[in-house]
Amino acid sequence: MSTLHLQPHPHTEAISGPVTLVVMDGVGIGSGDLSDAVAAARTPNLDALAKRALVTQLRAHGKAVGLPSDGDMGNSEVGHNALGAGRVFDQGAKRVNQAIATGDLFEGAEWKRLVARVAESGEPLHFLGLLSDGNVHSHIDHLLAMLRRAHADGVKRVRVHALLDGRDVPETSALQYVAQLEAVLSELRGAGADYRVASGGGRMHITMDRYEADWAMVERGWQTHVRAEARKFASLEEAIVTLGEEDASITDQHLPAFVIADSDGAPVGPIRDGAAVVFFNFRGDRAIEISRAFDEQDFTAFERGPRLDVAYAGIMQYDGDLQIPRHFLVDPPAIDRTFGEYLVYAGKRIFACAETQKFGHVTYFWNGNRSGHFSDALEKYVEVPSDLAPFEQRPWMKAAEVADATVAAIASGDFDLVRVNFANGDMVGHTGDLEAAILAVEAVDLCVGRLVEATERAGGAIVVTADHGNADEMIEHDKKTGAMKKKGGGAWQRKTSHTLNAVPCYLWAADRELELADLTQPGLANVAATALMLMGYAAPEGYEPSLLKA
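Count the sequence shown with the numbering used here and you get residues 49 to 598, in order.
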């Protein structure tokens, strides 16, 4: 209890109204060129806020959010971890890198359990996950390292179930990862092993749903990976090339499901009793549902049938509170003392809101990868159900409904801290549709204006920022020259992944003039101490300092 005690700020009194924290998901600071949907959007409310608020930039990628290097783009998971924790923790990619480099992953009891299971049963060891080097949900190097170690440990049969990316990497880049994978599989087959690809499909079509937005995605994945019920191809490359030729408008992330079959038409890798399965994504949100399908005895989200008798493990545990999955290869970051938890112990009331696509970010990830409330009495979480339609067709998404709920919360006077996420800049940004992304940013701007007005009426303070960039760069750029890329035929090469750009931060209070502290390259982790300071509290030990001068 004493470790969660907040001290009064020695120089700053609390504002009279609530503190409103707004996350404009995926709205970074771009170059202002043709690719920058944020710059192209009409944003009168943000423009007006900039004239009377403090405005600064925050680092939201790389080491500033616990990733291995500053060449790693930020993402919503690590961004919200940093916002909520007030400190930077080593994240999944870095922890897995270290566990592989030291050999700890392979010396652990879980890896040995998986190897022993298939040695006993004769069934394959299956690897399921996102095949790319995006380093947001997974990294192909982790898979390749595990394949080689499986062979060294005597595993005779391996099957890979490849989810195709095109979202955290260029939208039609799958074949370059296929080439890397097949080279290693061929090498190991040459050494006498039976290692093959068994199934696949686009990450936004099968398996990787999150927040229970579309369980049908997971069911399609189950039918594909486990039952091998999907269109058949002779190889992973043939599947990707053929499906792309049949529909030139489709990108990797939306490719239909497929299985790999022998010349006699028999699928090479259904998952059967006695097998072992590793889900090799390290990020949690899109790994939880498929893990539940493998792990839960009484599973009802779709017609799975009886639970398979397989040894299942995630490369990490994706939800520590709910213990999903029960078995995992690398310990996740232990994020403690989040500032929401501190506020609850101080008796402060908290409101959090987002639509389904980002609800877990403004709750679970914000709270240090913890499910549920710290206090049912002091916290209210509101989820606005997302549409299932393609985001580019409804770029406004549920921003208005999220704003409605948040404005009502501010006006009620029932809450000391209000936090909200607008998903549009990220979810529409991932489509690669520039015009839709512009509309998405404009929808968020309209809602931010409403929250500023509500906060001002309540005598509060507002902090408006983002968790990473995305909509700020909708066309791929050459890494050496910085020039925008074109595809064959002269069309711009759409960018669907996050960016390395900084994110904006606007700070304004109704009852006082604010002044920025002199900080070198502040990041998302500085926001927690800033909000606490506005509420009259000193930053807890170890927190990054406030963005504001006392």
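Positions of the beta carbon are idealized from the N, C-alpha and C atoms, including for glycine.
- Per DSSP, reduced to three states, the secondary structure at Lys597 is coil, with no helix or strand assignment.
- For the pair Ile298 and Leu236, the Cα-to-Cα distance works out to about 33 Å.
- Look at Gly461 here: in three-state DSSP terms it is coil, with no helix or strand label.
- Ranked by how close their Cα comes to the Cα of Thr68, the residues Val208, Glu267 and Ala457 have Ala457 in first place.
- Just measuring C-alpha positions, the residue of Leu211, Glu286 and Glu260 sitting nearest Gly250 is Leu211.
- Beta bridge pairing from DSSP links Ala557 with Ala509.
- Taking C-beta atoms as the reference points, Gly132 and Ala576 count as a pair closer than 8 Å.
- The straight-line gap separating the alpha-carbon atoms of Ala539 and His109 is approximately 29 Å.
- Sorting Ala437, Cys401 and Met445 by C-alpha distance to the C-alpha of Glu427 places Cys401 at the top.
- Pairing Glu260 with Ala598, the inter-Cα distance amounts to about 43 Å.
- Nearest in C-alpha terms to Pro172, of all of Leu482, Pro318, Ala296 and Glu61, is Pro318.
- At the C-beta level, Ala282 and Ser247 stay beyond 8 Å of one another.
- Residue pairing for Tyr360: DSSP places it in a beta bridge opposite Val325.
- Collapsing the DSSP output to three states places Phe376 in a strand.
- Rounded to whole angstroms, the separation of the alpha carbons of Leu370 and Thr348 is 17 Å.
- Of all alpha-carbon atoms in Leu580, Leu233 and Gly134, the one lying nearest the alpha-carbon of Ile398 is that of Leu580.
- Membership of Gln228 in any beta strand (DSSP E) is not indicated; the residue belongs instead to the alpha helix (DSSP H) covering Ala222 to Gly238.
- Taken through DSSP and simplified to helix, strand or coil, Pro92 comes out as helix.
- Contact between the stretch 141-156 and the stretch 165-179 is absent, with fewer than three C-beta pairs closer than 8 Å.
- The alpha helix (DSSP H) runs lying completely inside the stretch 142-170 and spanning 4 residues or more are 152-155 and 157-169, given in chain order.
- When the Cα atoms are used, His190 and Val144 turn out to be separated by approximately 8 Å.
- Judged by beta-carbon spacing, Pro218 lies beyond the 8 Å limit of Glu490, meaning their Cβ atoms are not closer than that value.
- By the CB criterion at 8 Å, Gly78 and Val71 fall outside the cutoff.
- The stretch 307-325 makes contact with the stretch 358-365, as at least three CB pairs between them are under 8 Å.
- Proximity of the stretch 260-272 to the stretch 289-296 falls short of the contact definition, fewer than three beta-carbon pairs being nearer than 8 Å.
- If you ignore the 5 residues before and after Phe306, its C-beta comes within less than 8 Å of the C-beta of Ser247, Gly248, Gly249, Thr272, Ala278, Arg279, Lys280, Phe281, Ala287 and Leu291, all in its own chain and listed in chain order.
- For Asp242, no alpha helix (DSSP H) run applies; the uninterrupted beta strand (DSSP E) run containing it begins and ends at Asp242 to Gly250, by DSSP.
- Distance from the Cα of His516 is smallest, within the candidate group Asp300, Asp242, Ser545 and Ile510, for Ser545.
- Within the stretch 272-309, the complete alpha helix (DSSP H) segments at least 4 residues long are 284-294, listed from N- to C-terminus.
- Here Ala471 is not near Ala130, since their CB atoms are 8 Å or more apart.
- When the five nearest sequence neighbours on each side are left out, the beta carbons in the same chain lying within less than 7 Å of the beta carbon of Arg442 are those of Asp435, in order along the chain.
- Contact annotation, Val226 with Glu285: C-beta distance approximately 5 Å; criterion of less than 8 Å satisfied.
- When secondary structure is reduced to three states using DSSP, Trp444 falls in the coil class, being assigned neither helix nor strand.
- Ranking Ser64, His57, Thr220 and Leu195 by CA distance to the CA of Tyr243 puts Leu195 first.
- In this structure, DSSP gives His59 a state outside helix and strand, which the three-state scheme calls coil.
- Across the structure, Pro66 and Thr578 are spaced so that their CA atoms are roughly 13 Å apart.
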